[in-house]
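Chemist:
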Amino acid sequence: MFKAAMRGSEEDWWFKFQNDDPPRSYAPAENRADDSKRTMVKRFLHSLVYKVRERADPPRGTGFTLKATKLMIGKPQLQPLQAAPLSRSQMTKLLRLCALLARFSLFDRPVASESSKRVVCISGLANLNSMASTVALVCGGPLEKIEYHDGAAPSVDIHFLRPDSARRFYDWAGRTSLLAMNGYTLSVDWAAPPLGMTCHAPLALFVVEEVETVKASRVIVLTKAVTKRLAANANSKGYPDARDHFSPELCIERVKWDFVQFGGIVEVTPMVLLKLSFSIQYTDIRSAILAMHTLAQRGSGLNKKYGDYSARYARDVTCRPCLEL
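Residue numbers (full-length UniProt numbering): 1 to 325.
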């Protein structure tokens with residue numbers, strides 16, 4: 001069906017969730033997507049073309065020509081020129097050309113070096129450890145993705161967004177004995193680079209752009225204002241009645257099936273806020289980016305279903321300092 005983030009205990013909801021087939025009422029009928037690079041790039045380019053069309057499409061009655069030029073950083077730019085106006089078909093071809101140029105610039109990667117190490121491997125895990133409890137031990141900075149390797153000796157590859165964050169966690173784990181779980185001492189080492197490379201590959205530029213412009217992370221938060229409902233004994237002194245804050249229309253199981261189509265989920269967590277809020281922590285930041293783009297896409301199934309929610313990126317749970325006792 002799809003790759004599970006990590007096999008947890010039988011009491012863990014993910015253990016039950018990953019082995020069940022989605023009910024027909026829960027499975028989204030449209031906007032299904034996998035976590036492949038091709039699907040994500042397609043959605044990203046569609047969003048890019050839409051933004052370019054909004055900014056570049058001239059109002060009727062005015063005429064000017066747009067020229068695609070390439071800057072030193074490799075990104076296309078549209079510049080107005082004094083010339084004959086473009087037809088609708090010419091404008092469409094130009095937009096496709098801009099998307100094609102952007103497609104190559106998105107995946108232009110700088111040369112990897114020894115100082116670009118940003119992937120650490122945590123080994124010594126027990127078979128019943130959940131992904132959420134493992135991620136809770138990680139600190140030092142935000143993550144790009146988490147990869148679980150099953151087998152006789154399970155391990156987890158932690159991909160940090162920045163090499164300095166990976167170095168801080170690696171040094172902290174080597175100096176202290178705080179990296180332990182259920183009596184098992186965990187070991188941390190640099191992960192092996194991909195086949196054919198001598199060092200860890202740097203981030204794709206489109207991920208860097210999303211992180212720098214909109215503060216993208218693996219965690220997204222959905223929030224909705226709820227009309228206050230007063231129970232019959234609301235005026236009585238004592239602890240507030242739970243029925244005042246209960247939202248029966250929110251089904252967590254449906255939320256899981258709606259958002260797992262974009263990639264593996266570590267956990268879905270309710271948040272203590274004044275509004276109805278819950279967070280979704282993905283295993284890969286690309287999944288969160290794709291989910292946010294789909295939520296913002298007008299007419300999509302996810303936008304229609306969660307249109308009354310406000311979505312935003314939240315701080316990664318690993319964005320905390322490496323403290324020593």
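Note that CB positions come from ideal geometry on N, CA and C, so glycine has one too.
From the DSSP output, in three-state form, read off K304 for me.
Modeler: The answer is helix: DSSP assigns K304 an H, G or I state.
Chemist: Do the CB positions of A288 and A225 come within less than 8 Å of each other?
Modeler: No, the pair does not count as a contact, with Cβ atoms beyond the cut-off.
Chemist: Measuring only the C-alpha atoms, how far is P248 from I122?
Modeler: Rounded to the nearest angstrom, the two C-alpha atoms are 40 Å apart.
Chemist: Buried or exposed, going by whether 16 or more other CB atoms sit within 10 Å of the CB of M131?
Modeler: Result: buried.
Chemist: CB-CB under 6 Å to L106, same chain, minus the five flanking residues each way: which ones, in chain order?
Modeler: Reliability of the predicted coordinates at L106 is poor, the pLDDT of 43 falling under 50, and no value is obtained from them.
Chemist: Look at the alpha carbon of A153 and the alpha carbon of P163, and state the distance between them as a whole number of angstroms.
Modeler: Cα to Cα, A153 sits roughly 26 Å from P163.
Chemist: With H, G and I counted as helix, E and B as strand and the rest as coil, what does DSSP make of V197?
Modeler: One detail in the question is off: residue 197 reads as Met in this sequence, not Val. Coil, per DSSP.
Chemist: So residue 330 and G140 are in contact, right, with Cβ under 8 Å, and what is the actual spacing, rounded?
Modeler: With the chain covering only 1 through 325, there is no way to say anything about residue 330.
Chemist: Looking at the strands, I want to know which residues DSSP matches up with Y313.
Modeler: Looking at the DSSP assignment, Y313 forms a beta bridge with I220.
Chemist: Leaving out five residues on either side along the sequence, give the residues of the same chain with a beta carbon under 8 Å from the beta carbon of V272.
Modeler: Result list for V272: empty, nothing under 8 Å.
Chemist: With H, G and I counted as helix, E and B as strand and the rest as coil, what does DSSP make of L143?
Modeler: Note: L143 maps to strand in three-state DSSP.
Chemist: How about M157 and V119: do their beta carbons lie closer than 8 Å?
Modeler: One point to set straight first is that residue 157 is Asp, not Met, in the sequence displayed. Yes. Within cutoff.
Chemist: If you reduce the DSSP assignment to three classes, tell me which class D171 lands in.
Modeler: If DSSP states are grouped into helix, strand and coil, D171 belongs with the helices.
Chemist: How about V221 and S277: are their beta carbons less than 8 Å apart?
Modeler: It is a contact, given that the beta carbons lie within the stated cut-off.
Chemist: Does the separation of the CB atoms of V135 and T318 fall below 8 Å?
Modeler: For V135 and T318, yes; Cβs fall inside 8 Å.
Chemist: Since L137 and L179 are thought to touch, with beta carbons under 8 Å apart, how far apart are those beta carbons, to the nearest angstrom?
Modeler: Correct: roughly 6 Å between the Cβ atoms.
Chemist: Considering just the uninterrupted stretch of the beta strand (DSSP E) at V255, what are its terminal residues?
Modeler: Element bounds for V255: not the beta strand (DSSP E) but the alpha helix (DSSP H), 252-259.
Chemist: Does the separation of the CB atoms of I285 and K145 fall below 8 Å?
Modeler: A contact, by the Cβ cut-off of 8 Å.
Chemist: Does the Cβ of F246 have 16 or more other Cβ atoms within 10 Å, making it buried, or fewer, making it exposed?
Modeler: Counting Cβ neighbours within 10 Å, F246 comes out exposed, since fewer than 16 surround it.
Chemist: Starting from the C-beta of D308, find all residues in its chain whose C-beta is less than 8 Å away, skip the five residues before and the five after it, and write them out in chain order.
Modeler: These residues qualify, in order along the chain: K224.
Chemist: When we look at the beta-carbon of A126 and count the other beta-carbons within 10 Å, is it buried (16 or more) or exposed?
Modeler: So A126 ends up on the exposed side.
Chemist: What three-state label does DSSP hand D150 in the structure shown?
Modeler: In this structure, D150 counts as coil in the three-state DSSP scheme.
Chemist: With DSSP collapsed to three states, give me the class of F160.
Modeler: Strand at F160.
Chemist: Taking Cβ to Cβ, would you say L290 is nearer than 8 Å to V211?
Modeler: Cβ distance not < 8 Å, so L290 and V211 don't count as in contact.
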